[in-house]
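Per UniProt numbering, the sequence shown starts with residue 1, numbered consecutively.
Glycine residues also receive a C-beta, built at the ideal position from the N, C-alpha and C atoms.
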Amino acid sequence: MPLINIDLYDKWTKEEAKVLLNGIHRAVLSSFGVPERDRYQILRWHKEDEMILEDTGLGFERDKGREVVIQVISRKRTEDSKVAFYKAVAANLKEDLALNPKNLLISIVENGDADWSFADGEAQFLTGKL
């Protein structure tokens, strides 16, 4: 856990998407200190007219068709670990895919222990299994 939703334009190749998912997971491992197999990623593909990602008035341009939206749903994380995650994702994807960091939009949504069931209809954080 965390659960990570990734939205891409359908211009990305499946090979690029795999590299992207691996780069994001490496950032999760280094920033949040979760176990290697704590990997929950959902990838959604979009046509060009299905996402609008402007600059919030910050004055930068994104590379059309290369934008990536990453939404992280997670238990509470420190501000330092969140900032480390943003930086690690940007660095990993720049290194692995030559992705311009301006093409990244990342949001973290926090929830609590009662908000997770990993299987069997149980709340493993509450039962003590996790």
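If you compare alpha carbons, which of GLU50, HIS25, ASP55 is closest to ALA91?
Nearest of GLU50, HIS25, ASP55 to ALA91, Cα basis: HIS25.
If you draw a straight line from the C-alpha of LEU43 to the C-alpha of GLU79, how long is it?
Distance between the alpha carbons of LEU43 and GLU79: 25 Å.
Comparing C-alpha positions only, which one of ARG62, TYR9, TYR40 sits nearest to ASN22?
The residue with the shortest Cα to Cα distance from ASN22 is TYR40.
Report all residues from its chain with a CB closer than 7 Å to the CB of LEU130; omit the five preceding and five following residues, and keep chain order.
So the list reads GLN124, once near-sequence residues are dropped.
Can you say whether GLU67 is buried or exposed, counting buried as having 16 or more other CB atoms within 10 angstroms of its CB?
Result: buried.
Within this structure, are the beta carbons of ASP96 and VAL19 separated by less than 8 Å?
Yes, the Cβ-Cβ distance between ASP96 and VAL19 is below 8 Å.
Rounding to the nearest angstrom, what Cα-Cα distance links GLU48 and GLY112 in this structure?
Roughly 35 Å separates the two Cα atoms.
According to DSSP, is ASP80 part of a helix, a strand, or is it coil?
In this structure, ASP80 counts as helix in the three-state DSSP scheme.
Can you list, in chain order, the residues of its chain whose CB lies under 6 Å from that of SER31, leaving out five sequence neighbours each side?
Cβ neighbours of SER31 beyond the five flanking positions: SER81, ALA84, PHE85, ALA88.
Would VAL72 and MET51 qualify as a contact pair, given that the criterion is a beta-carbon distance under 8 Å?
Their beta carbons are not under 8 Å apart, which means VAL72 does not touch MET51 by this criterion.
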